[in-house]
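Below is one structure, written out as structure tokens, with a few remarks after it.
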């Protein structure tokens with residue numbers, strides 16, 4: 008009898024502990040006082056492996072969906088300025104690989120300083136999506152970058168509405184407040200985009216990629232660290248994929264760069280740096296990149312849209 | 026005809042005594058007299074107006090139905106021609122409907138002096154007052170700062186073509202320029218602005234090449250309707266940071282906090298600490314000059330913002346010039362080892378630039394150039410060639426170019 012009680016109690020302790028862990032994870036997801044560090048991410052994945060609750064499995068599933076290079080966002084059409092950079096910096100003295108590594112570093116620093124604050128803000132406050140969309144549009148200095156951002160943002164809305172929404176509306180029951188806000192924010196923006204398509208309102212909603220990414224990740228149950236990491240990682244993947252197609256390097260070499268510790272360190276460093284940057288303080292840290300992207304239109308021949 | 030609004034009593038009248046603050050209100054008194062109804066400033070800032078210097082001919086105006094008012098020229102000066110660490114310049118300008126103003130910096134470049142412990146104590150009260158608003162970065166406290174807030178009314182126009190800012194080695198500087206236009210004005214009644222913001226690599230004569238610690242320039246244009254609702258139209262933000270602060274933060278996080286507590290009571294302990302450290306210590310850990318890496322190959326980078334009916338012609342001209350630049354690259358562009366390396370067309374003339382009509386009719390020109398003189402001749406040349414700025418505001422609007 009006593010033994011039975013002890014077993015029950017032990018079972019209850021385990022249950023309570025796992026619930027505590029879940030609650031802590033949720034609290035962390037809502038607050039995020041500190042930027043991610045590589046060990047924190049690792050520790051989190053370790054705990055995730057041990058307890059495979061429904062929510063973490065759902066989050067892992069969403070993570071894999073969103074990090075898939077086959078996600079139909081049309082990212083392959085954009086080189087984020089690489090094509091223009093190569094045309095502007097003919098590798099005469101330096102090897103093309105060295106020149107590319109420079110570009111990759113600059114590009115990650117730039118995307119982190121200009122767009123990542125909007126991703127984080129979208130995840131933290133999904134209800135501010137329309138303001139974030141307006142402010143990012145106001146902060147995008149050239150047409151080429153604006154086109155790329157809007158096209159991918161609208162594609163993301165499309166994927167969300169046609170593919171993900173049904174499944175993820177079901178997952179979290181009862182849906183947490185943030186998730187609900189995220190659902191509502193995407194719906195509102197989508198409606199606004201549809202209703203203003205005809206009148207071609209210059210200052211209307213645009214559907215920029217970065218804030219939408221944050222909100223969609225929130226809706227799909229990704230935490231803030233995952234959201235930021237996948238965003239920057241996807242950017243790195245897109246640049247590397249463009250590099251392969253532009254003939255800078257081969258596919259194995261590209262995977263080698265993607266897998267490298269150096270790239271991980273760069274990404275973690277940039278994410279940590281912009282973790283608490285409010286969107287008003289977001290800005291271009293690589294002025295030269297704005298020039299390259301803006302001058303993409305002047306290229307004699309182009310294989311990418313940016 | 027719309028009556029000119031009565032000058033509004035300044036809500037800042039009592040606080041205008043703060044060092045570095047200035048306030049200007051330009052009104053149009055009947056029949057057509059531009060008058061500075063408010064002009065206050067405090068050391069180290071100096072504002073010098075000049076009226077009646079230039080009279081635009083009526084037929085030259087872009088605004089066909091109304092005779093433009095004469096532009097008032099405002100010189101923006103600081104004692105010593107630059108900013109010391111801790112200096113906080115705060116200028117507020119209101120252009121009432123149909124007024125026009127030219128703002129220039131007649132002292133040449135805005136020098137940003139270096140951040141050294143000896144200079145840091147110039148205005149401790151000002152620094153403390155603004156600490157809370159700043160991002161969590163201790164290094165911002167000894168920065169030089171400049172904020173310009175311009176309210177541009179209906180049919181009013183601002184032409185602000187200053188000299189570049191020249192940040193000296195080890196300097197830290199942050200600048201926020203906010204322009205508010207009337208959201209209810211449409212078509213030719215809109216507010217107009219022309220704003221140039223550029224920064225150089227430093228004193229090239231002393232071999233400086235992006236050796237400062239931090240420079241941030243943020244330009245925002247907001248539209249405000251009659252109910253006071255504001256909407257961001259444009260934000261241009263450039264951050265040049267050598268990121269040496271990051272290393273210090275991670276290395277001596279605890280030390281920083283300890284200093285924090287003592288800085289207020291005994292101002293000198295916190296300030297003298299850096300003397301013991303060689304200023305190049307963080308740079309030694311990061312061998313590359315990050316700012317130079319990110320601006321290469323340019324020695325000056327800048328932005329020109331154009332908006333509104335008065336600058337419409339200039340904006341279109343810049344776009345046309347940009348689009349008629351020669352195409353870059355050859356057909357076999359992916360061949361990265363051409364036998365004869367063709368001269369890169371983009372650097373012909375040593376200016377790399379781009380122009381785009383972004384949103385709400387704004388034309389944004391971004392440029393990078395080898396050095397200050399090159400950029401000055403290029404931009405001055407384009408604006409003079411187009412001619413509308415000189416017709417509307419006079420040659421003195423271009424005195425910095």
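Residue numbers (the numbering used here), protein chains in the order written: chain A, 8 to 313; chain B, 26 to 426.
For every residue, glycine included, the Cβ atom is placed at its ideal position computed from N, Cα and C.
Small disclaimer: the values here were computed from a predicted structure and weren't measured.
Requested in this report: Can you pull the chain A residues whose beta carbon is under 8 Å from the beta carbon of residue 255 of chain B, in chain order?
Outcome: For the purposes of this step, residue 255 of chain B is identified with residue 230 of the second chain, where counting begins at 1. Listed by position along chain A, the residues whose Cβ is nearer than 8 Å to that of residue 255 of chain B form an empty set, because the closest Cβ is around 11 Å away.
Query - Contacts around residue 219 of chain A, its chain only, beta-carbon distance under 8 Å, and the 5 residues preceding and following it disregarded - result: One-based indexing of the first chain puts residue 219 of chain A at position 212. The beta carbon of residue 219 of chain A sits closer than 8 Å to those of 129, 136, 140, 160, 163, 164, 193 and 196, all from its chain and outside the five residues before and after it, given in chain order.
Query raised in the report: Leaving out five residues before and five after residue 148 of chain B in sequence, what residues of the same chain have Cβ atoms less than 6 Å from its Cβ?
Result: The residue given as residue 148 of chain B occupies position 123 in the second chain. Its pLDDT being 37, under 50, residue 148 of chain B is placed unreliably by the model, and the measurement read from it follows with that caveat. Cβ neighbours of residue 148 of chain B beyond the five flanking positions: 44 and 111.
Report task. Could you tell me the distance, in whole angstroms, from the CA atom of residue 253 of chain A to the CA atom of residue 167 of chain B? Result -> Within the first chain, numbered from 1, the residue matching residue 253 of chain A stands at position 246. Within the second chain, numbered from 1, the residue matching residue 167 of chain B stands at position 142. Their backbone Cα atoms lie some 46 Å apart in a straight line.
Query raised in the report: Taking Cβ positions only, does residue 146 of chain A come closer than 8 Å to chain D?
Result: No chain D appears in the structure shown, which is made up of the protein chains A and B.
Report task. Take residue 335 of chain B as the anchor and find which of B/262, B/227, B/225 and B/177 has the nearest alpha-carbon. Result -> Along the second chain, read from residue 1 onward, the residue named residue 335 of chain B stands at position 310. Nearest C-alpha to residue 335 of chain B among B/262, B/227, B/225 and B/177: B/177.
Query raised in the report: So, using beta-carbon positions, are residue 117 of chain A and residue 271 of chain A closer together than 8 Å?
Result: Within the first chain, the letter at position 110 stands for residue 117 of chain A. Within the first chain, the letter at position 264 stands for residue 271 of chain A. For residue 117 of chain A and residue 271 of chain A, no; Cβs fall outside 8 Å.
Query - Rounded straight-line distance, which links the Cα of residue 144 of chain A to that of residue 85 of chain A - result: In the first chain, the residue the question calls residue 85 of chain A occupies position 78. In the first chain, the residue the question calls residue 144 of chain A occupies position 137. Straight-line measurement puts the Cα of residue 144 of chain A at about 18 Å from the Cα of residue 85 of chain A.
Query raised in the report: Quick one: what does DSSP say residue 64 of chain B is sitting in, helix, strand or coil?
Result: Taking the first residue of the second chain as 1, we reach residue 64 of chain B at position 39. In the structure shown, the three-state DSSP call for residue 64 of chain B is strand.
Query raised in the report: Along the chain, where does the alpha helix (DSSP H) that runs through residue 236 of chain A open and close?
Result: As a first step, residue 236 of chain A is located in the first chain; it is residue number 229 there, counting from the start. Per DSSP, the unbroken alpha helix (DSSP H) holding residue 236 of chain A starts and ends at 231-252.
Report task. Anything in the segment 94-117 of chain B with a Cβ closer than 8 Å to a Cβ of chain A? List those residues in chain order, please. Result -> Listed by position, the residues of the segment 94-117 of chain B near chain A (Cβ gap below 8 Å) amount to none.
Query - Close Cβ partners of residue 261 of chain B (< 6 Å) along its chain, the five nearest in sequence each way excluded - result: In the second chain, counting from the first residue as 1, residue 261 of chain B sits at position 236. Only residues of its own chain outside the window of five on either side were considered, and among them 244 and 328 have a CB closer than 6 Å to the CB of residue 261 of chain B, listed in chain order.
Query raised in the report: Closer than 8 Å, CB to CB, is residue 95 of chain A near chain B or not?
Result: Here residue 95 of chain A refers to the residue found at position 88 of the first chain. Cβ-Cβ to chain B under 8 Å: yes for residue 95 of chain A.
Requested in this report: Confirm, please, whether the CB-CB distance from residue 344 of chain B to residue 384 of chain B is below 8 Å.
Outcome: As a first step, residue 384 of chain B is located in the second chain; it is residue number 359 there, counting from the start. As a first step, residue 344 of chain B is located in the second chain; it is residue number 319 there, counting from the start. In this structure, residue 384 of chain B lies away from residue 344 of chain B, with their beta-carbon atoms at least 8 Å apart.
Query raised in the report: Is there at least one Cβ from chain B nearer than 8 Å to residue 210 of chain A's Cβ?
Result: As a first step, residue 210 of chain A must be located in the first chain, where it is residue number 203. By this cut-off, residue 210 of chain A is an interface position.
Query - Through-space distance from residue 240 of chain B to residue 379 of chain B, alpha-carbon basis - result: By one-based count along the second chain, residue 379 of chain B stands at place 354. By one-based count along the second chain, residue 240 of chain B stands at place 215. In this structure, the straight-line span from the alpha carbon of residue 379 of chain B to that of residue 240 of chain B is close to 22 Å.
Query raised in the report: Quick one: does residue 120 of chain A have its CB under 8 Å from some CB of chain B?
Result: Taking the first residue of the first chain as 1, we reach residue 120 of chain A at position 113. So, interface residue.
Query raised in the report: Since residue 219 of chain B sits in a beta bridge, which residues does DSSP pair it with?
Result: In the second chain, counting from the first residue as 1, residue 219 of chain B sits at position 194. DSSP lists B/184 and B/331 as the beta-bridge partner residues of residue 219 of chain B.
Query raised in the report: Based on the DSSP output, what are the partners of residue 239 of chain B in its beta bridges?
Result: In the second chain, the residue the question calls residue 239 of chain B occupies position 214. According to DSSP, residue 239 of chain B bridges with B/197 and B/266.
Requested in this report: Note down the Cα distance separating residue 103 of chain B from residue 120 of chain B, rounded to an integer number of angstroms.
Outcome: In the second chain, the residue the question calls residue 103 of chain B occupies position 78. In the second chain, the residue the question calls residue 120 of chain B occupies position 95. About 22 Å.
Query raised in the report: So, is residue 412 of chain B buried or exposed, given that buried needs 16 or more other C-beta atoms within 10 angstroms?
Result: Reading the second chain from its first residue, position 387 is the one you call residue 412 of chain B. Exposed, because fewer than 16 other Cβ atoms sit within 10 Å of the Cβ of residue 412 of chain B.
Query - C-beta neighbour in chain B for residue 48 of chain A, strict 8 Å - result: Along the first chain, one-based indexing puts residue 48 of chain A at 41. Reliability fails at residue 48 of chain A, whose pLDDT of 48 lies under 50, so the model's placement of it is uncertain and the value that follows must be treated cautiously. With its beta carbon at least 8 Å from every one in chain B, residue 48 of chain A lies outside the interface.
Query - Per DSSP, cross-strand counterpart(s) of residue 136 of chain B - result: For the purposes of this step, residue 136 of chain B is taken as residue 111 along the second chain, with counting starting at 1. DSSP, once it has assigned bridges, lists B/107 and B/191 as partnering residue 136 of chain B.
Report task. Would you list the residues sitting across from residue 118 of chain B in a DSSP beta bridge? Result -> Taking the second chain and counting its residues from 1, the one referred to as residue 118 of chain B is at position 93. Paired residues: B/49 and B/175.
Report task. Please name the residue, chosen from A/87, A/184 and A/110, that lies closest to residue 133 of chain A on a Cα-to-Cα basis. Result -> Residue 133 of chain A sits at position 126 when you count from the first residue of the first chain. That would be A/184, whose Cα lies nearest to the Cα of residue 133 of chain A.
Query raised in the report: Who are the Cβ neighbours of residue 273 of chain A in its own chain at under 7 Å, not counting the five residues just before and after it?
Result: Position 266 of the first chain, counted from the first residue, corresponds to residue 273 of chain A. Within the same chain, residue 273 of chain A has close Cβ partners 112 and 115.
Query - Helix, strand or coil at residue 29 of chain A [DSSP, three-state] - result: As a first step, residue 29 of chain A must be located in the first chain, where it is residue number 22. Helix at residue 29 of chain A.
Query raised in the report: Listed in chain order, which residues of the segment 388-405 of chain B have Cβ atoms closer than 7 Å to some Cβ of chain A?
Result: Within the segment 388-405 of chain B, the residues whose Cβ lies closer than 7 Å to some Cβ of chain A are 389, 391 and 393, listed in chain order.
**Report entry** Neighbour flag for residue 218 of chain A against chain B, beta carbons, 8 Å
**Finding:** In the first chain, residue 218 of chain A corresponds to position 211, counting from 1. Not one chain B Cβ lies under 8 Å of residue 218 of chain A.
Query raised in the report: Among residues of its own chain, excluding the 5 on either side of residue 250 of chain A, which ones have a beta-carbon nearer than 7 Å to its beta-carbon?
Result: If you number the first chain from 1, residue 250 of chain A lands on position 243. Only residues of its own chain outside the window of five on either side were considered, and among them 89, 107, 256 and 261 have a CB closer than 7 Å to the CB of residue 250 of chain A, listed in chain order.
Report task. Could you pull out every residue in the same chain whose Cβ sits closer than 7 Å to the Cβ of residue 264 of chain A, ignoring the five residues on either side in sequence? Result -> For the purposes of this step, residue 264 of chain A is taken as the residue at position 257 of the first chain. These residues qualify, in order along the chain: 247 and 270.
Query raised in the report: If you scan the segment 129-179 of chain A from start to end, which runs of the alpha helix (DSSP H) of 4 or more residues do you find wholly inside it?
Result: For the segment 129-179 of chain A, whole alpha helix (DSSP H) runs of length 4 or above, ordered along the chain, are 136-146, 150-166 and 172-178.
Query raised in the report: Using CA coordinates, which residue listed in A/170, A/240 and A/309 is at the minimum distance from residue 223 of chain A?
Result: Translated into the one-based positions of the first chain, residue 223 of chain A becomes position 216. Nearest of A/170, A/240 and A/309 to residue 223 of chain A, Cα basis: A/170.
**Report entry** Option in B/408, B/50, B/61 and B/100 with minimal Cα separation from residue 337 of chain B
**Finding:** Position 312 of the second chain holds residue 337 of chain B. Shortest Cα-Cα distance from residue 337 of chain B to any of B/408, B/50, B/61 and B/100 involves B/408.
**Report entry** DSSP-derived helix/strand/coil call for residue 262 of chain A
**Finding:** As a working note, residue 262 of chain A is residue 255 in the first chain. For residue 262 of chain A, the three-state secondary structure derived from DSSP is helix.
Report task. Examine chain B for any beta-carbon lying closer than 8 Å to the beta-carbon of residue 290 of chain A, and answer yes or no. Result -> The residue you call residue 290 of chain A lines up with position 283 of the first chain. Chain B contact via Cβ: present.
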